[in-house]
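In the working numbering, the protein residues as written are 120 to 234. Think of the CB as a built atom: it goes at the ideal place given N, C-alpha and C, for glycine as much as any other residue. Data first, discussion second: the structure below is written as structure tokens.
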Amino acid sequence: LLTGPEGLQARVLEHYRKLNAILVPVQLQVAMLTLTDRHSWNIVLHNGLVLTLGREEPEPKVERFARVYPRSLAAWAAGAKRVDLRYTNGFSVEWADRSGAPRTSEIMATGLNEG
């Protein structure tokens, strides 16, 4: 499902193709891509995880996410609700249930702090 402001359909489709290509190697797929009226990008993945990308350059943010996902978040993906990728050098994770969230030390041990 692709959504966006009137007249920007081609732009949304172009980004869908690029973003999906970035995610396929880590066995993830875009289920929904939204460009809001304020030109902010959001993705819902096939596993229900929401990626908040913000307004600027969505591809580098998703590339950063895809680099660390397999070794740091994949094991806990079922408990993650949203990943906010609007940060310059990282991202934050909102957990669906705080009791199932990993400890920071568990995530850091997987190499998340490598970039």
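Just the C-alpha distance for Met-227 and Asp-156, rounded to the nearest angstrom, thanks. Along the sequence shown, one-based indexing puts residue 227 at 108. Along the sequence shown, one-based indexing puts residue 156 at 37. Confidence is the limiting factor: at Met-227 the pLDDT is only 44, short of 50, which leaves the residue's position unreliable and the question unanswerable from this model.
Among all the DSSP beta bridges, which residues are the ones paired with Asp-203? In the sequence shown, the residue the question calls residue 203 occupies position 84. BP columns for Asp-203 point to Thr-171, Ser-211.
Endpoints, the alpha helix (DSSP H) within which Val-187 is located: Numbered from 1 along the sequence shown, position 68 holds the residue referred to as residue 187. Val-187 -> alpha helix (DSSP H) spans 177-187.
Just mark Leu-120 as buried or exposed, buried being the case when its beta carbon has 16 or more other beta carbons within 10 Å. Locating residue 120 in the sequence shown gives position 1, where the first residue counts as 1. Counting Cβ neighbours within 10 Å, Leu-120 comes out exposed, since fewer than 16 surround it.
Which one of Asn-166, Leu-154, Arg-130 has the shortest CA to CA distance from Ala-197? Sequence index remark: in the sequence shown, residue 197 carries index 78 (1-based). If we check each option's Cα against that of Ala-197, Asn-166 comes out closest.
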